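Shown next, in structure tokens, is the structure this report addresses.
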Amino acid sequence: MLLRAMAVNDLDQIIVLEHQLFSSPWSKEDYLYELSSNPYAKYYVLEDDKIIGYVGMWITYETAQITTIGIAKERQGQGLSKLLMNKVDGETRDCEAITLEVRVSNTRAIRLYESYGFRKEAIRKDYYLDNHEDAYLMMKERKI
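Heads up: the sequence shown is residues 1 to 144, going by UniProt numbering.
Dropping the structure here:
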């Protein structure tokens, strides 16, 4: 298994996973922008013969935002998301705070984030465009 930086030639596989995992998936153009034009973006893929997971974040000085995280459905429940969260922890070690948004109904992800020290800070009403579900804004603060 390999965890490495995401590349443009990964995007076809990433988009397939996006559509399997999310009701409002990012487009290939979204990822192209992130990889080629956003100086604050860092994206990684988890490979095991094929891409089975990915994570993205923006790091802006002392704060970071997890923008996306996903594990192929057939590989969920195997602890692979912890590999991605450990990568986030390493990449953001100099950040004072890390934030993310998560659907209020996604209890599995919420438990994962809480196990990494994230707390629910606020609710973003009607955050998701597909069904107007609320999102929790979660934050992890660090003493640096």
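Every residue gets a Cβ at the ideal spot worked out from N, C-alpha and C, and that includes glycine.
Nothing here was measured: the structure is a model prediction, and the numbers come from that model.
Roughly how many angstroms lie between the CA atoms of residue i and residue j, to the nearest whole one?
i    : j    : result
T60  : E114 : 23 Å
K82  : Y40  : 23 Å
N9   : L112 : 29 Å
G117 : S37  : 31 Å
G77  : I71  : 9 Å
Go through its chain and collect everything with a Cβ distance to residue i's Cβ below 6 Å, but skip five positions before and after it.
i   : result
I69 : V55 and L84
P25 : E18 and H19
So, for residue i: in the same chain, excluding its five sequence neighbours on each side, which residues have a beta-carbon less than 8 Å away from its beta-carbon?
i    : result
A135 : E101, V102, R103, V104, I123, R124, Y127 and Y128
K50  : Q13
L32  : V8 and L11
Identify, in the order they occur along the chain, each residue of the same chain with its Cβ nearer than 7 Å to the Cβ of residue i, setting aside the five sequence neighbours on each side.
i    : result
A64  : M57, W58, T92, C95 and I98
L137 : T99, E101, E121, A122 and R124
- Output the residue ranges of the beta strand (DSSP E) runs that lie fully inside the UniProt domain "N-acetyltransferase" (1-143) and measure 3 residues or longer, sorted by chain position. If only uninterrupted beta strand (DSSP E) runs of at least 3 residues are considered, those enclosed by the UniProt domain "N-acetyltransferase" (1-143) are 2-5, 41-48, 50-60, 63-71, 97-103, 119-124 and 135-141.
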